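Asks:
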Amino acid sequence: MSSQLFGKAAPANEIDGPYESFLAPLVKAERGGFIPICDVIQCFHETCGHIETKTSCHNYMGNIMKQPDRGINPRWIPCKRNVCDHSVIVTICLPGSCVQCETQDDHTDPLRISFDEDPTITRSDPNMDTIPSAEIEARILDYHKRAADTQARHRELSLRYDPNNLLYSDFSTEFFDRTARDFIEHYRQLRRHPGVVDPEQFYAEVRKRRAEEDRKGIVLGNRQYFSGGKFDETDLLCRLDPADTRLSGEQCIICQDGFEPEARDPRMMPCKHVFHWACISQWYYKTSRTCPYCRQGYQVMTLPRFLPPP
């Protein structure tokens with residue numbers, strides 16, 4: 109059963125890799141479609157009590173493009189801890205035992221080999237082939253609740269973002285392997301302004317993501333920033349009030365001029381170094397995607413198109 113579920117992964121011709129769960133595309137629609145979400149599927153096996161976890165990486169900038177072997181199929185790239193977004197976890201309860209338990213007497217079984225060699229699949233309790241019955245009973249209660257929560261969230265988001273079941277109806281349909289990118293694009297076409305996102309929703313999600321990255325202590329180089337020009341309000345080139353006390357006595361390292369109250373649009377980078385907008389934009393967009401002072405590099409994506417003001 110679990111092999112059939114995990115086997116639903118598409119050949120990953122998309123650079124983002126395949127979307128395997130039924131929940132992640134809907135959550136991405138809820139968040140506006142601009143932040144990559146990696147898939148996490150947990151399969152709890154009620155007989156043996158083990159949990160098999162399958163991840164599918166969609167972190168193009170922070171993980172996939174940083175692989176030393178650029179020719180590897182994204183299908184086989186495991187997620188990177190503290191860099192990939194694992195906020196969406198799909199839990200499924202299955203009767204029977206996990207693959208390792210089913211094939212414990214035959215390690216040459218092709219299914220066993222495929223699971224053992226897949227870097228995106230892990231099994232809980234690697235050193236415990238037999239889990240105590242009391243622990244299995246406790247896990248049954250826990251994971252049945254998690255599975256119910258997964259289904260409830262799926263129903264809620266389906267009603268909001270896919271009421272006509274255009275994405276897929278169940279695991280067996282041809283729509284199952286459709287990427288979230290296609291789904292989000294389809295969803296946007298149904299909106300009054302296709303191809304755009306709500307700016308308030310976008311910046312709210314960016315703030316939530318930054319708070320989570322701060323909590324996890326993720327370094328600046330592994331974070332994803334957005335930028336699209338002088339008037340964007342993201343935290344890549346954060347606008348400062350010219351009267352901000354942090355500017356007192358400071359100079360723009362590029363032009364060596366100060367930040368007087370009439371200064372030319374001071375901007376602070378995530379590394380906390382401040383420059384005039386005209387100076388840093390020339391440097392960043394034409395010379396180097398780094399801070400000119402500390403050489404901190406950043407992963408940057410273009411801002412999405414925003415809904416026009418009402």
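If you count the sequence shown from 1, you need to add 108 to reach our numbering. Glycine residues also receive a C-beta, built at the ideal position from the N, C-alpha and C atoms. Predicted model only: the values in this text are computed from it and were never measured.
(1) For Thr-410, list the residues DSSP reports as bridge partners.
(2) Identify whether Asp-250 lies in helix, strand or coil by the three-state DSSP scheme.
(3) DSSP state of Pro-400, grouped into three classes?
(4) Closer than 7 Å by C-beta to Tyr-295: which residues in its own chain qualify, once you throw out the five before and the five after it? Chain order, please.
(5) Secondary structure at Cys-151, three-state DSSP: helix, strand or coil?
(6) When DSSP labels each residue in this structure, what does His-262 get in the three-state scheme?
(7) Assign Asn-167 to one of two classes, buried (16 or more other C-beta atoms within 10 Å of its C-beta) or exposed (fewer than that).
(8) Among the residues of its own chain, which have a CB less than 6 Å from the CB of Asp-237, if the five just before and after it don't count?
(9) Any contact between the stretch 316 to 326 and the stretch 178 to 191? By contact I mean 3 or more CB pairs, one from each, below 8 Å.
(10) I need the straight-line Cα distance from Arg-317 to Phe-223, nearest angstrom please.
(11) Is the beta carbon of Phe-152 closer than 8 Å to that of Val-198?
(12) Return the CA-CA distance between Lys-380 and Pro-133, expressed in angstroms with no decimal places.
(13) In the stretch 183 to 233, which residue ranges form an unbroken alpha helix (DSSP H) of at least 4 residues, counting only runs that do not cross its ends?
(14) Report the residue from Ser-335, Arg-220 and Thr-353 whose alpha carbon sits nearest the alpha carbon of Cys-346.
(15) His-177 and Thr-163 look like a contact to me (Cβ under 8 Å); what is the Cβ gap, rounded to whole Å?
(16) Gln-359 to Tyr-392, Cα distance in whole Å?
Replies: Result, derived from the coordinates:
(1) Ser-335
(2) helix
(3) coil
(4) Annotation note: pLDDT 44 at Tyr-295 (below 50); position unreliable, no value reported.
(5) strand
(6) helix
(7) buried
(8) none
(9) yes
(10) 32 Å
(11) no
(12) 35 Å
(13) 207 to 210 and 218 to 224
(14) Ser-335
(15) Residue 177 is actually Asp in this sequence, not His. That pair is no contact at about 18 Å.
(16) 18 Å
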